[in-house]
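My numbering puts the first residue of the sequence shown at 2, with every later residue one more than the last.
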Amino acid sequence: MNQKLLFAGLVLSFMVSNSLQSLPTSTISCADLQQKMMLSLANEDGLYVINVLPKAICADCKIPGTLNIPFDKLGKKTAKWPKNREIIIHCAGMDCPLGQYACDLLQGMGFQNVALFDGGIRTWKRQNLPTTGRCKAGYLKG
């Protein structure tokens, strides 16, 4: 009896975990992000580009015009935003999982227009695009 319950629990866990896998997230390149940010400034259309790294890490090197909403505060800070708002998420770089986690969270909350700048601040900095802060953190060199 216990083995049957254990097996049923494992099957149920597998089914639930498969249904909760991340939704497909569109990605955006460095050049496209730069263009979207410039157009957003000109049109005042409310594009939000969000760095989901912790405040101390974000303060070291930041893309001008972006918001810093650490991942652990993202759900609460965005709960009342319009679900059709265009949001682009970024973190440190392609090897930083927080960006994808943030996209999954927002899509799960019903946001329909979420993209991931998967190059992150590391790629932005390597392209010699404008930044604020000292930009001395070790992850920028990797």
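The beta-carbon is built from N, C-alpha and C at its ideal position, and this holds for glycine as well.
Computed from a prediction, not measured in an experiment: that's the story for all the values here.
**Prompt:** From this set, D61, V53, T26, L40, which residue's C-alpha is nearest A141's C-alpha?
**Reply:** One detail in the question is off: residue 141 reads as Leu in this sequence, not Ala. Comparing Cα-Cα distances from L141 to each of D61, V53, T26, L40, the minimum goes to D61.
**Asked** Taking DSSP as the reference, what is the three-state secondary structure of G10?
**Response** In this prediction, G10 scores a pLDDT of 39, lower than 50, which makes its location untrustworthy; no coordinate-derived value is stated.
**Asked** Looking at C-alpha atoms only, which residue of Y102, A80, K37 is the closest neighbour of G66?
**Response** K37
**Item:** Whether L75 touches L106 by CB criterion (8 Å)
**Value:** yes
**Prompt:** With a CB to CB cut of under 8 Å and the five nearest residues on each side skipped, what residues in its chain are close to S14?
**Reply:** Bear in mind that the predicted position of S14 carries a pLDDT of just 40, short of 50, making it unreliable; the figure below should be weighed with that in mind. Answer for S14: no residue qualifies.
**Item:** Extent of the continuous alpha helix (DSSP H) run through A57
**Value:** 56-61
**Request:** Could you spell out the range, first to last residue, of the beta strand (DSSP E) harbouring Y49?
**Result:** 49-52
**Request:** Confirm, please, whether the CB-CB distance from F72 to L99 is below 8 Å.
**Result:** yes
**Message:** Closest to S41 by C-alpha separation, out of I89, C104, K137, I122, would be which residue?
**Reply:** I89
**Prompt:** Are the beta-carbon atoms belonging to C92 and G121 less than 8 Å from one another?
**Reply:** yes
**Asked** Which of helix, strand or coil does DSSP assign to I29?
**Response** coil
**Request:** Just tell me which of L68, A57, N85, I64 has its CA closest to the CA of T124.
**Result:** I64
**For V53 and I29, believed in contact at Cβ under 8 Å, the rounded distance** = 15 Å between Cβ atoms; not a contact.
**Item:** N114 beta carbon near the ligand ATP (any heavy atom closer than 7 Å)
**Value:** The ligand ATP is absent from the structure shown, which contains no ligands of any kind.
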